[in-house]
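Participant: Going by the working numbering, the first residue of the sequence shown is number 35, and it counts up by one from there.
This is the structure I have questions about; it appears just below.
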Amino acid sequence: MEEKTTIGPSDSLASEAGKNSEGVVVPASGPEREAIVKRLKLKLDLRLVPYLALLYLFNALDRGNIGNARLAGLEAGTKLSGNDFYNALSFFYFGYTISQIPNMFILKRVTPSVLVGVTMILWGICSTSMAAAKSYSGLVAARFFMGVFEAGVGPAAPIILSFFYLRHELAWRAALFYGSSTFAGAFGGLIAYGVATNLAHEKLAAWQLLFIIEGIPTIALGFITIFVLPNSPESLERWFVTPEEKQVAIERSRSGHNADSSLIDKRQLWAALKDYKNIFTCLIYIGLNIPLASFTSFLPTIVKLMGYTEATAQLMTVPPYACAIVCVFAMCWNSDRTQRRGYHVAASATLACLGYILLISSSNIKANYTGACFVAMGLYPIVPLMLSWVANNNVGHTKRAISIAMLNTFGQCFATVGTQIYKNKTAPRFFMGYGVCLAFTVVMIVFSLALSFVLNRENNRRDTEHGTPKVLSSEEQQAAIDGGIYDNHPSFRYFI
């Protein structure tokens with residue numbers, strides 16, 4: 035069935051011409067407004083989104099470089115044995131999980147630039163300090179606190195993007211942001227290969243150089259972020275946009291359900307916790323994070339066991355991520371074009387399923403490597419699709435922030451499972467790891483299609499009972515939020 039027009043995603047506002055505090059008047063519709071909107075989106079696409087993508091690239095790079103460091107001698111250098119390496123991976127996700135919801139409350143009290151910038155500095159310090167680890171306890175402590183601080187960027191990004199983009203524009207921009215994690219996978223392999231083959235230090239091992247080279251730039255970028263990251267349309271600077279573009283950005287933000295002026299709304303908190311949609315999305319994200327966490331951490335090891343040397347294995351981790359980049363952009367662009375999220379999640383998960391089937395069913399190196407590429411192509415698009423889906427379907431700042439925090443909390447909690455399923459004793463075929471991941475990709479397919487069906491049915495019910503939805507003014511939106519209606523408003527239509 036065809037989804038009906040949703041509330042708020044229009045650049046042509048139903049109200050009269052907007053006027054800001056500086057007396058700048060912009061037309062409510064027509065060619066002049068369309069030209070302003072076009073210029074505004076181009077500036078955001080060329081400045082805000084790439085900068086956020088750069089931040090997340092370092093987030094993913096510092097998180098995943100432990101897999102490359104393992105091939106470069108980490109286990110011997112820190113005297114790891116038995117399950118120590120797997121446990122060190124798990125402790126990162128313990129820290130990441132417990133700080134999700136607290137970070138969302140902090141985001142309501144401090145500006146995004148401060149939260150993101152400060153947490154970047156702190157996780158960069160943790161990442162760099164892993165080069166000094168001499169034992170299991172030192173490595174685990176650094177990984178745990180890196181997880182605590184890394185949780186400040188990923189969940190905050192869809193909130194920031196939702197301030198500047200309309201609902202049907204969000205997935206493509208989220209793809210540009212989260213797609214940088216696939217670039218990080220590719221760059222991580224290239225950097226590790228370069229360190230292993232070209233850099234030598236009489237006092238520092240290759241794995242130590244890797245942590246230092248990738249950690250120090252994160253610290254520097256954190257300081258820059260505090261001063262340059264825009265916090266909201268109202269805070270856009272003159273060097274960034276014209277007064278007319280700023281006014282349009284404010285109006286677009288309000289028309290996209292960003293009129294909530296409350297600091298922390300307890301009713302929205304409980305509404306998020308009780309929302310059935312969040313149960314579905316959390317189950318889907320659990321199904322994603324188990325295979326995703328294992329793929330990121332163990333791909334270098336898996337590739338090495340296909341018969342490649344350590345240096346070549348680092349280099350051969352690049353093509354799967356390159357394939358994933360293409361799929362991330364293609365899936366999210368088409369998702370915005372069709373305004374469908376769940377079907378694209380299911381299609382991506384199906385591609386990952388095919389990859390795991392190839393890995394399980396064949397011992398042929400080429401088939402296994404192709405399977406690894408399919409897994410990357412299937413898993414990585416689901417991250418921006420899911421975060422956009424949750425941001426699209428939750429009204430109110432607190433409700434949206436808590437819903438995203440719930441998604442990440444449950445997902446990252448179960449990511450610890452993914453760090454424990456590729457045991458050395460199951461090498462080189464890793465039947466247990468591949469089997470568990472295959473099962474959870476099926477979970478994603480089932481629940482994403484089920485949620486799409488439920489939301490489509492609800493949209494049809496509202497169409498039948500209330501007719502064509504109307505675009506609400508910012509005052510009407512605020513009244514709906516104050517009344518505790520949120521996305522249950524008769525004029526709201528879900529993205530399916």
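Cβ coordinates follow ideal geometry from the N, Cα and C atoms, glycine included.
Here's the rule I'm using: 16 or more other beta-carbon atoms within 10 Å means buried, otherwise exposed. How should residue 374 be labelled?
Facilitator: The sequence position of residue 374 within the sequence shown is 340, counting from 1. By the 10 Å Cβ count, residue 374 comes out buried.
Participant: Under 7 angstroms between the Cβ atoms of residue 493 and residue 528?
Facilitator: Taking the first residue of the sequence shown as 1, we reach residue 493 at position 459. Taking the first residue of the sequence shown as 1, we reach residue 528 at position 494. In contact: residue 493 and residue 528 (Cβ atoms closer than 7 angstroms).
Participant: Should the region 251-260 be regarded as contacting the region 141-156, the criterion being three or more beta carbon pairs within less than 8 angstroms?
Facilitator: Judged by Cβ distances under 8 angstroms, the region 251-260 makes contact with the region 141-156, as three or more pairs qualify.
Participant: By the three-class DSSP mapping on this structure, what secondary structure does residue 470 have?
Facilitator: Within the sequence shown, residue 470 is the residue found at index 436, counting from 1. DSSP places residue 470 in the helix class (H, G or I) of the three-state scheme.
Participant: So residue 443 and residue 193 are in contact, right, with Cβ under 8 angstroms, and what is the actual spacing, rounded?
Facilitator: As a first step, residue 443 is located in the sequence shown; it is residue number 409 there, counting from the start. As a first step, residue 193 is located in the sequence shown; it is residue number 159 there, counting from the start. Rounded, the Cβ-Cβ distance is 15 angstroms, inconsistent with contact.
Participant: Take residue 267 as the anchor and find which of 467, 146, 489 and 171 has the nearest alpha-carbon.
Facilitator: Position 233 of the sequence shown, counted from the first residue, corresponds to residue 267. When only C-alpha atoms are compared, the closest one is 146.
Participant: With which residues is residue 144 paired in a DSSP beta bridge?
Facilitator: One-based indexing of the sequence shown puts residue 144 at position 110. DSSP, once it has assigned bridges, lists no residue as partnering residue 144.
Participant: Here's the rule I'm using: 16 or more other beta-carbon atoms within 10 Å means buried, otherwise exposed. How should residue 474 be labelled?
Facilitator: Numbered from its first residue, the sequence shown carries residue 474 at position 440. Buried: at least 16 other Cβ atoms inside 10 Å.
Participant: Looking at the secondary structure, which residues open and close the alpha helix (DSSP H) in which residue 502 lies?
Facilitator: Position 468 of the sequence shown, counted from the first residue, corresponds to residue 502. Careful: residue 502 lies outside any alpha helix (DSSP H) and carries neither H nor E.
Participant: By DSSP, does residue 429 sit in helix, in strand, or in coil?
Facilitator: In the sequence shown, the residue the question calls residue 429 occupies position 395. Collapsing the DSSP output to three states places residue 429 in coil.
Participant: Measure the C-alpha to C-alpha separation of residue 329 and residue 393 and round it to an integer number of angstroms.
Facilitator: As a position in the sequence shown, residue 329 is number 295, starting the count at 1. As a position in the sequence shown, residue 393 is number 359, starting the count at 1. Residue 329 and residue 393: Cα-Cα distance of roughly 12 angstroms.
Participant: Tell me which residue opens and which closes the alpha helix (DSSP H) that residue 331 is part of.
Facilitator: Along the sequence shown, one-based indexing puts residue 331 at 297. From DSSP, the alpha helix (DSSP H) with residue 331 extends over 310-338.
Participant: Just the C-alpha distance for residue 434 and residue 306, rounded to the nearest angstrom, thanks.
Facilitator: Numbered from 1 along the sequence shown, position 400 holds the residue referred to as residue 434. Numbered from 1 along the sequence shown, position 272 holds the residue referred to as residue 306. Looking at the two C-alpha atoms, the distance is approximately 8 angstroms.
Participant: In the DSSP assignment, find the alpha helix (DSSP H) that holds residue 348 and state where it starts and stops.
Facilitator: Residue 348 sits at position 314 when you count from the first residue of the sequence shown. 344-350 is the span of the alpha helix (DSSP H), which, as asked, contains residue 348.
Participant: Which stretch, first to last residue, makes up the alpha helix (DSSP H) that contains residue 72?
Facilitator: Your numbering for residue 72 matches position 38 in the sequence shown. Segment 65-77, the alpha helix (DSSP H) holding residue 72.
Participant: Given residue 189, which residues of its chain have a CB within under 7 angstroms of its CB, disregarding the five upstream and five downstream residues?
Facilitator: For the purposes of this step, residue 189 is identified with residue 155 of the sequence shown, where counting begins at 1. Answer for residue 189: 134, 137, 138, 438, 439 and 442, listed in chain order.
Participant: Please state the DSSP three-state secondary structure of residue 104.
Facilitator: The residue labelled residue 104 in the question sits at position 70 within the sequence shown. Three-state result, residue 104: helix.
Participant: Taking a contact to mean a Cβ-Cβ separation below 7 angstroms, would you say residue 320 touches residue 448 in this structure?
Facilitator: Counting from 1 along the sequence shown, the entry for residue 320 is found at position 286. Counting from 1 along the sequence shown, the entry for residue 448 is found at position 414. Closer than 7 angstroms, so yes.
Participant: If you draw a straight line from the alpha carbon of residue 459 to that of residue 107, how long is it in whole angstroms?
Facilitator: For the purposes of this step, residue 459 is taken as the residue at position 425 of the sequence shown. For the purposes of this step, residue 107 is taken as the residue at position 73 of the sequence shown. Computed Cα separation, rounded: 19 angstroms.
Participant: Taking the straight line between their C-alpha atoms, what separation do you get for residue 424 and residue 332?
Facilitator: On the sequence shown, position 390 is the one that residue 424 refers to. On the sequence shown, position 298 is the one that residue 332 refers to. If I take the Cα positions, the gap works out to 29 angstroms.
Participant: Within the same chain, show all residues whose beta-carbon is closer than 7 angstroms to that of residue 347, passing over the 5 residues directly before and after it, in chain order.
Facilitator: As a working note, residue 347 is residue 313 in the sequence shown. Counting only Cβ-Cβ distances below 7 angstroms, and skipping sequence neighbours, we find 105, 334, 337 and 338.
Participant: Quick one: what does DSSP say residue 112 is sitting in, helix, strand or coil?
Facilitator: In the sequence shown, counting from the first residue as 1, residue 112 sits at position 78. Reduced to three states, the DSSP call for residue 112 is coil.
Participant: In chain order, what residues of the same chain have a beta carbon less than 7 angstroms from the beta carbon of residue 179, not counting five sequence neighbours either side?
Facilitator: Residue numbering aside, residue 179 sits at position 145 when the sequence shown is read from its first letter. Only 129 and 160 meet the Cβ criterion.
Participant: Assign residue 235 to one of two classes, buried (16 or more other C-beta atoms within 10 Å of its C-beta) or exposed (fewer than that).
Facilitator: Working through the sequence shown from its first residue, we reach residue 235 at position 201. Residue environment for residue 235: exposed (fewer than 16 other C-beta atoms within 10 angstroms of its C-beta).
Participant: In whole angstroms, give me the CA-to-CA distance for residue 200 and residue 214.
Facilitator: For the purposes of this step, residue 200 is identified with residue 166 of the sequence shown, where counting begins at 1. For the purposes of this step, residue 214 is identified with residue 180 of the sequence shown, where counting begins at 1. One Cα belongs to residue 200, the other to residue 214, and the distance between them is close to 22 angstroms.
Participant: Of all the options 170, 452, 163 and 323, which has the alpha carbon lying nearest to the alpha carbon of residue 245?
Facilitator: Here residue 245 corresponds to residue number 211 of the sequence shown, with the count starting at 1. Checking every option, the nearest Cα to that of residue 245 belongs to 163.
Participant: What would DSSP say about residue 202, mapped onto helix, strand or coil?
Facilitator: In the sequence shown, the residue the question calls residue 202 occupies position 168. DSSP places residue 202 in helix when its eight states are reduced to three.
Participant: How many Å lie between residue 264 and residue 98 at the Cα?
Facilitator: Translated into the one-based positions of the sequence shown, residue 264 becomes position 230. Translated into the one-based positions of the sequence shown, residue 98 becomes position 64. Roughly 28 angstroms separates the two Cα atoms.
Participant: Measuring CA to CA, which of 497, 91 and 461 is closest to residue 217?
Facilitator: Along the sequence shown, read from residue 1 onward, the residue named residue 217 stands at position 183. For the residues 497, 91 and 461, the minimum Cα distance to residue 217 belongs to 91.
Participant: Could you check if residue 93 is buried or exposed, using at least 16 other CB atoms within 10 Å of its CB as the buried criterion?
Facilitator: Counting from one through the sequence shown, the residue named residue 93 turns up at place 59. Counting Cβ neighbours within 10 Å, residue 93 comes out buried, since at least 16 surround it.
Participant: Apply the 10 Å Cβ neighbour rule to residue 63 and answer buried if 16 or more other Cβ atoms are within range, or exposed otherwise.
Facilitator: Along the sequence shown, one-based indexing puts residue 63 at 29. It is exposed - the Cβ of residue 63 has fewer than 16 other Cβ atoms within 10 Å.
Participant: How far does the alpha helix (DSSP H) with residue 241 in it reach, from first residue to last?
Facilitator: If you number the sequence shown from 1, residue 241 lands on position 207. From DSSP, the alpha helix (DSSP H) with residue 241 extends over 240-262.
Participant: How many Å lie between residue 309 and residue 477 at the Cα?
Facilitator: As a position in the sequence shown, residue 309 is number 275, starting the count at 1. As a position in the sequence shown, residue 477 is number 443, starting the count at 1. Rounded to whole angstroms, residue 309 to residue 477 spans 20 angstroms at the Cα level.
Participant: Counting only the same chain and skipping the five closest in sequence on each side, list residues whose C-beta sits under 6 angstroms from that of residue 185.
Facilitator: Stepping through the sequence shown from its first residue, residue 185 is reached at position 151. Cβ within range, chain order: 130, 133, 134 and 137.
Participant: From residue 223 to residue 515, what does the alpha carbon distance come to, in whole angstroms?
Facilitator: Start at 1 with the first residue of the sequence shown, and residue 223 comes out as number 189. Start at 1 with the first residue of the sequence shown, and residue 515 comes out as number 481. Using only the alpha carbons, I get a separation of about 47 angstroms.
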